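Protein chains in written order, with the working numbering: chain A, 1 to 382; chain B, 383 to 973.
Structure, as structure tokens:
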Amino acid sequence: MSTGIKNLVRTLDSVDFLKMDRRTFMKAVGGLGATVMLSTYKADIVKGLEFAETRIIWLHGSECTGCSESVLNAGNPDIVQALQKLNVNLAFHETLCAQQGIWNDGKLVNNAELNSEILLEELYKEGKYILVVEGSIPNGPNGSGRYLVIGNKTFKETIGEAAKNAVAIVAVGACAAYGGITSADSEVAKDTDYRGVAFAKEDANGGILQELGIDKPVINIPGCPAHPDWVLLTVGAVILGKIKVPDDLPAVLDKYGRPMVFFPPDHTVHENCPRRGYYDRGEFDEQVGGEKCLWKLGCKAPYAHADCGIRKWNSGVSMCTQAGGPCIACVEPGFPDASRPLYVEREDVGLAGANIDLVAKVAVGAAAVAAGVHAVRRMKGE
Amino acid sequence: MVNVTVDPLTRIEGHQCISTEVDANGVITDAQSSSLIFRGFERILQNQDPRDAAFLTQRICGVCPLAHGLAATNALDDLYGVADQVPKDALVMRNIFQGLNMVASHATHIYILFGPDLANPAYKKVLTTLGDTGNAVWNEMVGRFAPISYKMDGQSVPVGSSYLAAIPEKKRLQEAIALIAGRMPGPSSLYPGGYTYPATVADITKISTYYLQVMDFVSKHTLKVDFDTWIENTYKASSPQKAVSFVAEHLKGLIDKSVTSNDFSKDAGWGDVEFYAAFGSELVGENILGLPASLKHDTIGGYKDPSKICFVSYGGYYKPKDGYDPRSPAGDRIFTSGVVSGKLEYLKFDPDKVTESTAHSFYQNSDNDLAPVKGETVPFTDPDKIVFAGGSDSQYSWDKAPRYDGIPGEVGPLARMLNIKEPLVTGLALAFAENGYSAANVYTRMLARMQETAILAYELLNWVTVDYDPSGKISVPIDLNAAKNNQGMGLWEAPRGALGHWISAGSNGKVTNYQCIVPGTWLMSPRDSNGIPGPLEQSLIGSKINTIGDVDYTNPVSIYHMGRSYDPCISCAVHTIDLTGKRAPNTLRIL
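Structure (structure tokens):
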């Protein structure tokens with residue numbers, strides 16, 4: 001590690017993770033990735049190893065396993081190192097665990113070492129675990145939850161059971177957070193009635209927990225998929241007590257339940273986009289495969305509150321806009337409906353047929369306003 | 383008779399239940415495969431911009447999003463009428479992008495999803511009674527393939543060496559994809575008419591470096607024989623017999639060295655492929671190589687009636703030239719389209735012979751075997767009708783039952799390898815068929831996946847270093863008006879098998895119909911309107927729940943192997959994308 005980074009780490013060591021000034025974090029640490037963040041808390045990690053093991057139960061609802069895939073892509077530390085460093089016992093994860101549900105004549109058999117359903121029952125009973133949810137939860141049809149039944153139980157019921165004794169709940173990915181793609185407008189959406197854990201799209205009262213009458217705080221890590229750093233750093237912060245659940249949550253989460261340090265309310269992907277220079281010069285690509293600003297190809301980066309531009313993806317090698325694809329604002333609670341059509345400029349969509357100036361007024365943040373208006377000016381050659 | 387049900391079948395993508403009736407000898411006499419989820423993706427593209435399809439259909443599956451993205455992009459190339467003009471370098475980029483993902487997906491399947499079952503305590507029980515050799519083999523199995531958070535008899539078991547080493551490589555492959563696609567999963571680089579990002583010389587250099595690192599893993603863990611020697615004598619062998627002989631000789635050499643030392647370690651030349659190739663099969667391991675015992679994976683997961691199964695490939699990977707034929711006629715792709723019958727006869731693939739039945743699925747119209755384009759499906763909305771334990775005559779799955787010319791089809795690496803007449807896999811299939819085994823079984827299915835991984839590693843290097851020109855053209859413009867009242871067909875191969883997307887647009891150029899038929903639906907399908915079980919169900923019926931040792935209803939290891947050997951993706955299988963506006967609500971498509 002260079003001296004500069006060492007000094008930075010030393011400085012950061014005295015700052016509480018996720019509570020530090022956002023700009024300090026964004027500018028200084030964001031690009032360094034998870035390794036440095038974890039080594040920053042070395043002392044705490046050692047303590048963690050000396051004391052308690054933390055259990056994680058990772059449940060899959062209506063999902064595509066993309067978020068698990070993403071977490072498996074965690075750069076440095078990778079997932080196995082992270083689990084070891086933080087003394088985490090990933091007690092259950094449907095895609096990774098040794099177990100499966102085993103039934104003889106309708107009864108659970110064998111034991112928790114091989115039978116996932118027995119393992120889960122034991123884990124729920126013991127409590128004191130962090131519950132991670134990937135995927136949304138169908139409330140339909142007719143409130144029954146039977147559009148997803150696993151191990152002879154609706155997933156809705158399972159979430160209720162798992163949530164009760166969880167010390168913290170983390171909803172990973174757009175689907176678990178807000179319903180995501182499964183909640184996209186369609187004619188069967190009212191039948192399937194997909195919900196996030198604590199939200200239904202932007203509605204903070206529409207989550208499946210509210211439906212079940214369970215009042216538990218939930219941390220949302222949206223994205224389609226979620227970035228592995230967002231997941232591991234948040235879970236790490238909870239384990240290390242850097243975020244105390246629930247006391248610290250109002251201070252560190254935004255109104256959509258997202259950690260502000262990764263999803264800053266006043267900062268969008270657009271601000272640190274690698275193509276930003278072209279935007280500032282008013283140079284836009286109108287056909288894919290070029291190197292200029294993607295605004296005219298429908299880029300939603302000015303509306304996406306995330307640190308992709310600094311952090312980048314897959315160990316920092318690239319990001320959507322860098323590879324020439326428009327940002328689809330997958331971290332926003334309205335994704336995907338709010339982002340469609342994906343390849344059309346937002347002002348052309350018009351909110352109720354409005355022009356860019358009106359869109360700007362109702363857009364999600366001050367940065368987006370500036371970005372949108374700015375872009376129009378550039379395009380008009382002002 | 384005991385009802386033995388595995389629910390959920392974990393370590394797959396999505397949620398699946400396998401219900402079986404098992405007799406006193408441990409033989410499965412009846413089986414149902416049920417997909418447990420209705421995602422309700424349908425109509426999300428209805429009346430929308432067709433171009434959104436390449437993005438949004440990737441959300442059907444996060445394990446192989448690129449295959450959905452590409453099938454959609456092929457359909458869009460066709461819809462906008464530019465398929466014959468897509469520049470060569472864009473097609474090569476798409477090949478690289480898909481090839482890397484297929485290798486990563488196969489590695490994930492072999493090491494993370496399938497591998498851990500080789501460390502099942504049932505094998506310990508049997509192998510440790512077989513003296514030093516049995517103990518040595520068991521120690522290799524648990525030492526290589528044990529998953530994370532694994533316990534046996536109350537003791538934590540360390541993560542297996544191969545499992546642990548595979549995770550960073552999978553990650554590395556995903557990083558290589560991200561370099562040219564922005565991120566992985568969920569990249570944004572697909573667009574009709576080409577590709578959004580021309581890889582630079584620096585990117586190509588980095589991908590080559592990643593490649594060498596991955597191959598270093600392969601030579602340390604997976605395949606101990608020199609990679610080029612392996613390819614030369616298997617994929618490039620002049621006949622199936624020669625390929626099989628080469629592998630048999632290679633394994634024989636290893637056994638001769640290990641027979642006295644009982645050293646079956648990687649250092650002694652036993653890569654994971656060699657290890658499974660020898661010990662996985664009764665025919666190869668015991669009968670041909672003379673090993674004292676094997677896992678007998680060739681005795682499970684086979685088809686008892688060859689007239690009720692076929693092997694379907696739509697064809698994947700473009701030839702390195704400008705333009706392609708979206709209907710994927712034989713010979714247009716590097717992995718050709720085709721159909722191989724259950725008796726191993728080669729037939730031409732005709733997309734019009736695909737139908738789907740909902741007779742045993744949770745949909746209200748259950749009496750037709752319709753072509754996918756004409757399919758109509760309305761999901762049950764009465765919760766009490768969603769019952770998974772009603773038996774073979776009932777409706778018991780969210781999956782529909784696709785059929786090719788009325789016959790269930792296995793898709794995936796084995797089907798692809800048979801269709802391209804890959805010498806090693808074809809040779810093995812013939813050998814099994816000639817010796818009274820099913821040509822397809824858990825063992826050949828796994829070896830086909832391993833061999834396809836090797837072949838892709840070989841082809842990838844050509845795409846990256848020879849075929850791709852960083853200064854070449856990367857896209858042609860599309861005319862959005864060309865979509866009006868037009869249709870598009872996108873046929874492709876996902877890691878798990880044949881994948882098709884179909885799109886229609888109306889007079890305003892917006893989507894009126896979008897349909898997908900995906901590998902998981904073929905593989906996991908329930909019975910059809912003729913009562914013919916799907917591929918997995920046929921595999922199960924007649925197989926034993928434990929290949930070696932006593933019958934143990936409480937640990938039916940063979941069911942895990944059979945279910946997972948197909949690498950099923952249930953989110954794909956029951957993605958229910960359809961998107962039709964014309965005859966709502968009767969045109970819901972459930973796939």
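Don't be surprised by glycine CBs; every beta carbon is placed ideally from N, CA and C.
Here the structure is a predicted model, which is why all the values come from computation and not from measurement.
Where does the unbroken alpha helix (DSSP H) through residue i begin, and where does it stop?
{"i": "B/C898", "result": "Element bounds for B/C898: not the alpha helix (DSSP H) but the beta strand (DSSP E), 893-899."}
{"i": "A/W230", "result": "228-239"}
{"i": "B/F437", "result": "434-438"}
{"i": "B/Y545", "result": "543-563"}
Residues of chain A with CB under 9 Å from residue i, in chain order?
{"i": "B/T740", "result": "Within 9 Å Cβ-Cβ: nothing; B/T740 doesn't reach chain A, min ~16 Å."}
{"i": "B/Y532", "result": "C97, A98, E113"}
For residue i, which residues in the same chain have their Cβ closer than 6 Å to its Cβ, ignoring the five residues on either side in sequence?
{"i": "A/A112", "result": "I118, L119, E122"}
{"i": "A/P326", "result": "L294, L297, G298, C299"}
{"i": "A/W58", "result": "H93, V132"}
{"i": "B/R831", "result": "H488, P795"}
{"i": "A/R55", "result": "N89, A91, Y129"}
{"i": "B/G791", "result": "C692, V694, W904"}
{"i": "B/P390", "result": "H397"}
{"i": "B/D460", "result": "P708, G870, M871"}
{"i": "B/P702", "result": "K470, V474, D849"}
{"i": "B/V384", "result": "V404, Y935"}
Residues of chain A with CB closer than 7 Å to the CB of residue i, please, in chain order.
{"i": "B/V384", "result": "N104, D105"}
When DSSP labels each residue in this structure, what does residue i get in the three-state scheme?
{"i": "B/T515", "result": "helix"}
{"i": "B/S401", "result": "strand"}
{"i": "A/L120", "result": "helix"}
{"i": "B/G809", "result": "helix"}
{"i": "B/R393", "result": "coil"}
{"i": "A/I356", "result": "Since pLDDT at A/I356 reaches only 39, below the 50 mark, its modelled position is unreliable, and no value is offered."}
{"i": "B/H742", "result": "coil"}
{"i": "B/A783", "result": "strand"}
{"i": "A/R340", "result": "coil"}
{"i": "A/F92", "result": "strand"}
{"i": "B/V384", "result": "strand"}
{"i": "B/F420", "result": "coil"}
{"i": "B/I670", "result": "helix"}
{"i": "A/R281", "result": "coil"}
{"i": "A/N115", "result": "strand"}
{"i": "A/E332", "result": "coil"}
{"i": "B/W904", "result": "helix"}
{"i": "B/V373", "result": "Nothing in the structure corresponds to residue 373 of chain B, since chain B is present only between 383 and 973."}
{"i": "B/P761", "result": "strand"}
{"i": "B/T616", "result": "coil"}
The beta strand (DSSP E) spanning residue i covers which residue range?
{"i": "B/C692", "result": "692-695"}
{"i": "B/Y532", "result": "532-534"}
{"i": "B/R715", "result": "715-717"}
{"i": "B/Q414", "result": "410-417"}
{"i": "A/R55", "result": "54-60"}
Determine the chain B residues that contact residue i at a beta-carbon separation under 7 Å, and present them in chain order.
{"i": "A/Y343", "result": "D431, R433"}
{"i": "A/M319", "result": "G564, R565"}
Kindly list the residues whose CB is nearer than 7 Å to the CB of residue i, restricted to its own chain and excluding five residues on each side of it in sequence; keep chain order.
{"i": "B/Q556", "result": "A486, M566"}
{"i": "A/R10", "result": "Reliability of the predicted coordinates at A/R10 is poor, the pLDDT of 42 falling under 50, and the value obtained from them is presented with this limitation in mind. If we look at A/R10 and ignore the five residues flanking it on each side, it has no Cβ neighbours."}
{"i": "B/K507", "result": "G931"}
{"i": "B/V975", "result": "The question about residue 975 of chain B has no answer here: the residues shown for chain B are numbered 383 through 973."}
Taking Cβ-Cβ distances shorter than 9 Å, what residues in chain B pair up with residue i?
{"i": "A/W230", "result": "Here the premise fails: no neighbours, minimum Cβ distance about 13 Å."}
Can you find at least 3 beta carbon pairs, one from the stretch 902-918 of chain B and one from the stretch 784-792 of chain B, that sit closer than 8 Å?
-> A contact exists between the stretch 902-918 of chain B and the stretch 784-792 of chain B.
On the three-pair Cβ rule with 8 Å, is the stretch 255-265 of chain A touching the stretch 90-106 of chain A?
-> Contact between the stretch 255-265 of chain A and the stretch 90-106 of chain A is absent, because fewer than three Cβ pairs lie under 8 Å.
Specify whether the stretch 426-433 of chain B and the stretch 928-938 of chain B touch according to this definition: at least 3 beta carbon pairs, one from each stretch, less than 8 Å apart.
-> Output reads no: the stretch 928-938 of chain B does not touch the stretch 426-433 of chain B.
Does the stretch 403-415 of chain B come close enough to the stretch 132-141 of chain A to have 3 or more Cβ pairs within less than 8 Å?
-> These segments do not touch.
So does the stretch 569-587 of chain B actually touch the stretch 843-857 of chain B, counting three or more Cβ pairs closer than 8 Å?
-> Yes: the two stretches touch, three or more of their Cβ pairs being nearer than 8 Å.
For the 8 Å Cβ check, are there 3 or more pairs between the stretch 801-816 of chain B and the stretch 620-627 of chain B?
-> Verdict: yes, contact present.
Does the pairing of the stretch 324-344 of chain A with the stretch 215-228 of chain A give three or more beta-carbon distances under 8 Å?
-> Touching, yes, given that three or more Cβ pairs across the two stretches are closer than 8 Å.
Should the stretch 939-950 of chain B be called in touch with the stretch 673-688 of chain B, which here means at least 3 C-beta pairs below 8 Å?
-> A contact exists between the stretch 939-950 of chain B and the stretch 673-688 of chain B.
Check whether the stretch 628-639 of chain B touches the stretch 849-867 of chain B, counting contact only when three or more Cβ pairs, one atom from each stretch, lie closer than 8 Å.
-> Taking a cut-off of 8 Å for Cβ pairs, the stretch 628-639 of chain B and the stretch 849-867 of chain B do not touch, as fewer than three such pairs fall below it.
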